[in-house]
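Participant: From first to last, the protein sequence lines are chains A and B.
Our numbering applies: residue 39 is where the first sequence begins, and numbers increase by one.
Our numbering applies: residue 94 is where the second sequence begins, and numbers increase by one.
Built from N, CA and C at the ideal position, the CB exists for glycine as well.
Just so you know, these numbers come straight off a predicted model, no measurement behind them.
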Amino acid sequence: MKILKLFLIIIFIFPISSLKADNEILKNKITKNLRCLICQGQSVYDSDSEFANSLKIVVDNKINEGLSEKQIYSYFQGKYGEWILYDPMFNKNTYFLWLLPLLIFFIGGAIVFKNFKKTN
Amino acid sequence: MKNKLLPLSITFVFIIIFIIFFKGLQNTNIYTPETKTIYEVPSVSVKLFNSNEIVNTLEIFNSDKFYLLNIWSSWCVPCRQEHPILMELAKNDNINVIGINYKDTKKNAKSFLEELGNPYNKIIFDNKGTNSIEWGAYGVPESFLINKNKVIKKYIGPLTERSIEEIKLFIK
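1. Between Lys130 of chain A and the rest of its own chain, which residues show a CB-CB distance below 7 Å, the 5 nearest in sequence each way excluded?
2. Whether or not the segment 185-198 of chain B and the segment 208-220 of chain B are in contact is what I'm after, with contact meaning three or more pairs of Cβ atoms, one per stretch, closer than 8 Å; do they touch?
3. So for Lys215 of chain B, helix, strand or coil by DSSP?
4. What's the C-alpha gap between Leu141 of chain B and Trp121 of chain A?
5. Which residues, taken in chain order from the segment 65-98 of chain A, show a beta carbon closer than 9 Å to some beta carbon of chain B?
6. Less than 8 Å separating the beta-carbons of Phe69 of chain A and Lys94 of chain A?
7. Taking only the alpha-carbon atoms, compute the straight-line gap between Asn102 of chain A and Phe159 of chain B and give it to the nearest angstrom.
8. Can the beta-carbon of Glu175 of chain B be found closer than 8 Å to that of Pro234 of chain B?
9. Quick check on DSSP: helix, strand or coil for Lys118 of chain A?
10. Report yes or no: do three or more beta-carbon pairs, one from the segment 171-189 of chain B and one from the segment 242-254 of chain B, lie closer than 8 Å?
11. Terminal residues of the continuous alpha helix (DSSP H) containing Gly250 of chain B?
12. How would you list, in chain order, the residues of chain A whose beta-carbon sits under 9 Å from the beta-carbon of Tyr248 of chain B?
13. Would you please verify whether the beta carbon of Glu204 of chain B is less than 8 Å from any beta carbon of chain A?
14. Using the C-alpha atoms, what's the distance from Leu141 of chain A back to Ile110 of chain B?
15. Residues of chain A with CB under 8 Å from Thr223 of chain B, in chain order?
16. With DSSP as the reference, identify every bridge partner of Arg73 of chain A, one or two as the case may be.
17. Under the three-state reduction of DSSP, which class applies to Leu105 of chain A: helix, strand or coil?
18. Are any of the Cβ atoms in chain A nearer than 8 Å to that of Ile226 of chain B?
19. Does the CB of Lys184 of chain B have a neighbour CB from chain A at under 8 Å?
20. Can you confirm whether the segment 153-168 of chain B touches the segment 238-249 of chain B when touching is taken to mean that 3 or more C-beta pairs between the two stretches lie within less than 8 Å?
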C-alpha cells in the first residue's frame, strides 16, 4: 500500500514539476533577450530593478496564459518598441543586418569555388 | 575583364559599407524613449484601490473626457514633488485624474494621500507593477494623457509647470 501511495505521488508530482521546469527555462530565455530599459547594459534577467522585476512577472503570466515565445516578444515590442529586444526581428530596417553575412558568405564561397576549379 | 571584375566588386562593396558606417557615425547613440506615439488604452482587468473591485480599464476611461493617468507611489520622492501640481490640475472640470498606485502598501499609500491630499478620481492598485507594464511604463512617476480611449501624450518623470501648461492647452 505504501509503495502504491509513493508511486501515485511520484506520478502526480513529476509531470507538474517538469512542466514548471520547462516554463522556467523558457522564461529565462525570454528575459535574457529583453533589454532592461532603465538599466545600463543589462538584460531583464540580469537586473533586479523594479522595472525588470515587474517584467519578469509579466513574462511568467504570459507563459502561463499559453502565449508562445514569439507572441511574447511581439507583445513587448508593441508596448516598448523594437529597442526592448536584444535580438532584432527581421523587418525592413534590419534586413541588411541579417542578409549581409549570408551575402558575404556566398560571395566568398563563390570566389573559393572558382579558384579551386581553376587550380584543378 | 574577369581579373578586373573582382577588385572592382570588392571596392564597390567596401564603398557601400563605408557609406553606411559613416552615416551611422552621425546618428545619435543616446536612446530616447518614444513619447509621442498614439496608442489605444490597453484592455485589462484591474483592482481598484478603495473598493477592491475588479474592473476593466475600458470602463474607467469610457467617457469622451480627458483623463490623466498618473503612476505614483508613496516611496517615490519625485511623486511628492509633482503632487501639488496634480492637486491643482484635479480642480479642472475638463479632466479626470486617475492614479495607478505602483508597488506600494495600502497603509503607506493612504497616509501619503492623507498628508498631501487626494487628486485622484479613481486609483488602480498595482502592487506587482504588472499593470504599469500594460501601459508601457518605465517606472514612477509617469503620466499619460488619454482622450477617446487613446493615449495621446506620455510624460516620463515628474510633471512640471510646463507640462501642465501643455495639458491645459490640450483640454481647452
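Facilitator: Let me lay it out:
1. none
2. yes
3. strand
4. 32 Å
5. Leu75, Ile76, Ser87, Glu88, Phe89, Asn91, Ser92, Leu93, Ile95 and Val96
6. The sequence as given places Thr at residue 69 of chain A; Phe does not occur at that position. Cβ atoms of Thr69 of chain A and Lys94 of chain A: closer than 8 Å.
7. 35 Å
8. yes
9. The question names Lys, yet the displayed sequence has Tyr at residue 118 of chain A. If DSSP states are grouped into helix, strand and coil, Tyr118 of chain A belongs with the helices.
10. yes
11. Element bounds for Gly250 of chain B: n/a, residue is neither H nor E.
12. Here the premise fails: no neighbours, minimum Cβ distance about 16 Å.
13. The residue you asked about is not Glu; residue 204 of chain B is Ser in the sequence shown. By this cut-off, Ser204 of chain B is not an interface position.
14. 13 Å
15. Ser92, Ile95, Val96 and Asn99
16. A:Ser81
17. coil
18. yes
19. no
20. yes
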